[in-house]
Every structure is written in structure tokens, then in C-alpha cells.
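So the structure is just underneath, and the comments pick up after that.
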Amino acid sequence: VWANCLRVIKANIGEQSFRTWFEPIVPVQLHNNVLIIQVPSQFFYEWLEEHYVDVLKKGIYQELGPEGRLEYSIVVDQGNSQNKPRTVNIPTARKAAAPTQAASTAGAIAASALTGSARNVAAAAAAPAANPDMLRNPFEATKAIDRNYVKSQLNNTYSFENYVEGDCNRLARSAGLAVANKPGTTSFNPLMVYGGVGLGKTHLVQAIGNHIKATSPDKFVLYVSAEKFTNQFIESLRNNGVQDFANFYLLVDILILDDVQFLSGKDKTQEMFFHIFNHLHQAGKQIVMTSDRPPRDLNGLEDRLLSRFKWGLTADLQSPDFETRMAIIQNKMEQDGIDIPPQVVEYLAHSVNTNVRELEGVLISLVAQSSLNRREIDLEMAKQALRHIIEEVEAEVNLDFIQKTVAEYFSISLDLLKAKTRKKEVVTARQVAMYFAKEHTSHSLKSIGFHFGGRDHSTVIHSVQTVSDLIDSDKNFRNTIVDLRKKFVKK
Ligand code: ADP
Ligand code: MG
């Protein structure tokens, strides 16, 4: 019967397709007009269902008549064939997806991976509420994976050698080194590194990846930002390639996920990551993550995911102290062949205490200026460069922050603070905010006025003067100012 079916099928499809998709099929049984065929994998089955259901239907119809049915037996993995056939009523391919999903939603990720189980997990993770469409057209997604995912996404400029050690990063760095030397086998799994922007999270985890890649080239190291992970996942949903997305990640030996805070509130993506995490962890694969805040502050991340983070080690990165900043600058100079007089290095290390990225930014702009103006880098130039940068930073952060804080303190809206109104409480709040803007930012009077609803600089002078006078004359007011100032003093 199957041979006759094949003849019908062969007449209807291309030679290549026939060889690829029909020759590997083994007819298993024919009973009561039900033909059971064995296919090599879940993927295979899905592909058939997606692309050849009509031609299969035609063949079965010709051989067995309208009562004829076809069932599949799927080989789950080598040597362990699951001979329990799945019932597939030919015209309704979708029914077949149901048992797959039911099974997977209930079960955990199977260690066998890569065949049916991985797909099941993918389907369950993506849409537990069942969407058999998810199982369609996996082949295209496979091609997309080949194109997009093959590389480790590591940037080899990041290494441990050029990652300067200091009190600010000692624990994280040594844990990272341990993980890099023995991925998956230390108790630092997962390793979670957190810290503010520009403090070296990406550098550190990339260094881990590069180290492993250099010492064990056969290991599949993958660096991916949580943002990219999310986008790939969404893309795979759109292309019905979720199974392949999951399959791909389950192959990884060392998974480095940068900036996990990005997953906040993205429930489906988290669910997918949760399954991948479990699977990899169970298989003794190393997971490394970074976050811009400690796990306890990762609002919008599921508890079950957060609790996994505690299985390993969480280490923070602090702002570098003065000595470390000096060392970082010197390291950078050496690396890039830059020559800067010692007193300038010291001046930079003193002045730029926000983060390492900022520090590098200043260095780069100095080098650029020096080559542009054919002038050696000197203190004067450094001061000039810093003036520009400090103002920029504060224009972004502090003025805004001051306005918000003061408005909140006086229980008025930010809009009102900048509005034209002359109501007493509003005027006072506005004057106080201007006063602090003058005190804590390097904005000019003109710039301050501009940021307060386009007032001119004389208004700002007047405000500052009024506040100073009130501080002297009014004890309660003075307390208010002292209270507020605490919020603006740099830690
Ligand atoms: P994050 O990911 O935390 O925002 P990055 O890893 O991107 O920060 O670091 C910002 C820049 O500072 C990078 O160019 C990085 O190489 C550099 N950097 C950070 N920490 C160090 C360090 N300890 N030693 C040398 N360079 C560092
Ligand atoms: Mg980063």
C-alpha cells in the first residue's frame, strides 16, 4: 500500500523533495485502514505535515478510500524509538500538535534534547495556551539560525589581561576567572555580575567567554545581550521558528546573557529563558549573566527565575576608586599607545569618578583633540575637555533630577514647576530648584533659566538671592533646604 502511495506522491512532487522527505519513511503497519509510517524525527513529521499533507492525503485516499487514515510514529532519538504512534487524521494536521504540547507543558525539559523534547519545550515556553501554528515551517527558521547564530559574538578586545583589578571588582573578577578556568564545574553557576552602567560588566563576561574559547576551542560559547535574545525570540515567534530557537540555545556550552534586566516584564521571553536555563544548568553547562542592579531589585522578573540566580554566585562591581582609575587609564594608554603626562593622568583619575566608560570617553576625546590640533596633551587641554563632558553629564542627569526631586518635595507637578504661574508655593519651589541647579550643576544662569520654562538669567539670579536670604532669616526654610540638599550631595 505504501509503495502505491509513494508512486502517487512521487508523481506530484519534485525528485529532490521526494528523496529527502519520503524515502526515509518506513511503513510500519496497516490495520483497519490505518497506515502507520515511521518518520525519523519530530521535525520531519512537522515538515511533512506542513508541506506534504495534501499529497499524502491524495495517496492515502487512492489506496484506502475515504476511510483511510495515516498515523505517524516518531523516532525520538537514536536507539530509543518511541513507537507509540501519534494519531494524525490526515486532513487535520493540527490535531497532531496537541499531544506534543500537553506532554511538554506538564513535563520538564528532557535531557535528551535536540529531537522531540527540545521542540516540545519550545512550544510550551512560547505559548502554553497552545498555538499549533508554532509548529509550522521549522525549516526556514533553521536556515535563519545558520545565518544569524553561528558565531560566538565575542569581541576579543576584552580579556582578563586588560581588565584592571581593584577593590571595586575583586570578587567578580576572581569568580569570573574561576568560571573561565572551569566552566560549569564550580559552584558559581550561574555567575551573576551586577553593577551600574560603564563599570565593566560586559568586559568581564566577554573576558570569560574569550578565555574559554581560547582554552577549549571546541566548546560552544555564546555571548548574547538579553535584548538580542528577546528580539531573536520574538522573531522566531513571528517566523514559527521557536523550536529552532530553543534547539539552538540548548546546544550552547557556555551561555553569557548580558543585561538580564532587559527581560523585565517580558513574560514569554523569560519563560523561554527559564527553560533554557534549567536545561543547561542540569546538563552542567555554564551560565553567566549580568544585570545593572542586584537581583532583589529586578522587578518584573519572575520569582522562579530570580530564585535560580541564587543557585550560583552573585557578585557586584562598584565604581573604581582613585588608584584603580589611575591603573585603568595607564592600562588604556599602554594598550592604545597613547602618551599622556603623569599630572594629566592624575587629574583625569581625580575628576572622572563616575564610571570607566566615561573615563575612556575623556581619553579618546583628548587623543582626538591632540591629533586634530597637533598639540601635545596637557593639563589645560584636559580641563577644557572635562568642562565640556561634565556639563553634558549634568545637563542630562542632575538638572532633571533636581527639578523632579524639588517638585516632589513640594508636592507639585513638574509641569507646574516650569509653568508661568506666580502662585506662592509654586514660586518658592521653583526658586529652590533654581538655587540647587546653580549649586549642583555647572549650567550657566542662562541655561538654568531656559530649563525652567524659558526664563531669563536675571530671574535665576533673583531666585538664588531670594533663597539665600530666606535661609538666613527663616529657620524652617533653612531646615527644608538642608533636608533637600542631602538628596543632591554626591555619594
Ligand atoms: P558595562 O557593561 O558595565 O556597562 P563595560 O564592560 O562596557 O561596562 O565597560 C565600559 C568600558 O570600560 C569598556 O571599554 C571596558 O573595557 C572598560 N572597563 C571597565 N572596567 C574595566 C577594568 N576594570 N579595567 C579595564 N577596563 C575596564
Ligand atoms: Mg554592558
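Mapping the sequence shown onto full-length UniProt numbering, position 187 (from 1) lands on 194, and the numbers just tick up by one. For glycine and all other residues, C-beta sits at the position ideal for the given N, C-alpha and C. Every value quoted in this text rests on a predicted model; they were computed, and no experiment measured them.
By the Cβ criterion, the segment 274 to 291 is in contact with the segment 235 to 246, since at least three pairs of Cβ atoms, one from each stretch, lie closer than 8 angstroms. In terms of Cβ geometry, V352 and D385 do not form a close pair [threshold 8 angstroms]. Assigned with DSSP and collapsed to three states, V259 falls in coil, not helix or strand. In summary, D265 is buried, with 16 or more beta-carbon neighbours lying within 10 Å of its beta-carbon over all protein chains present.
Not one heavy atom of the ligand ADP falls within 7 angstroms of the beta-carbon of L77. Between the ligand MG and T222, a heavy atom-to-CB distance of less than 7 angstroms is absent. As the crow flies, the alpha-carbon of E56 is around 14 angstroms from that of R76. R485 and V439 have their C-alpha atoms roughly 11 angstroms apart.
Taken from the Cβ of T192, every heavy atom of the ligand MG lies 7 angstroms or farther away.
Fewer than three Cβ pairs drawn from the segment 242 to 253 and the segment 208 to 215 lie within less than 8 angstroms of each other, which leaves the two stretches out of contact.
Runs of alpha helix (DSSP H) with 4 or more residues, each lying fully within the segment 220 to 288, are found at 233 to 245 and 249 to 257, listed in chain order. Counting C-beta atoms within 10 angstroms of its own C-beta, G202 has 16 or more neighbours from the protein chains shown and is therefore classed as buried. Annotation: D490 to L452 spans about 24 angstroms, alpha carbon to alpha carbon. Of all C-beta pairs linking the segment 313 to 329 to the segment 179 to 197, three or more are shorter than 8 angstroms, placing the two stretches in contact.
In the structure shown, S418 falls within a coil segment according to DSSP collapsed to helix, strand and coil.
Around the beta carbon of L308, 16 or more other beta carbons sit within 10 angstroms, so the residue counts as buried.
Judged by DSSP secondary structure, Q160 falls outside any alpha helix (DSSP H); it is assigned neither H nor E. Ranked by Cα distance from E446, the first of D422, K494, L421 and C12 is K494. By the criterion of a C-beta distance shorter than 8 angstroms, I44 is surrounded in its chain by W9, I32, V33, P34, V35, L77, E78, Y79 and S80, once the five residues flanking it on both sides are discounted.
For V434, the enclosing alpha helix (DSSP H) covers residues K431 to H447. In the assembly as shown, H450 is a buried residue. Its beta-carbon has 16 or more other beta-carbons within 10 Å. Assignment of E56 by DSSP, reduced to helix, strand and coil, places it in the helix class. In terms of CA proximity to L262, K220 leads the group N163, K220 and S454. The alpha carbon of L257 has as its nearest neighbour, out of G272, M388, L421 and L229, the alpha carbon of L229. Contact between F284 and R315 holds, since their C-beta atoms are separated by about 6 angstroms, short of 8 angstroms. Taking a cut-off of 8 angstroms on C-beta distances, the segment 369 to 383 does not touch the segment 464 to 477, as fewer than three cross pairs fall below it. Taking each of N254, S298 and T222 in turn and checking the Cα distance to K189, the smallest one comes out for T222. Taking L324 as reference, the option from R177, L373 and L71 with the minimal CA-CA separation is R177. A Cβ-Cβ distance of about 20 angstroms is found for the pair N405 and L206, leaving them out of contact under the 8 angstroms criterion.
Contact check for L37 against I67 fails: the beta carbons are separated by 8 angstroms or more.
In this structure, T209 has its CB closer than 7 angstroms to one or more heavy atoms of the ligand ADP. DSSP places D323 outside any alpha helix (DSSP H); the residue lies instead in the beta strand (DSSP E), whose first and last residues are L320 to L324. Pairing V231 with Q293 gives a Cβ-Cβ distance that is not under 8 angstroms.
If you draw a straight line from the Cα of V15 to the Cα of F25, it comes to about 11 angstroms.
Sequence-distant Cβ neighbours of F227 in its own chain, meaning closer than 7 angstroms and more than five residues away, are L258, V259 and D260. Pairing P327 with I335 gives a Cβ-Cβ distance under 8 angstroms.
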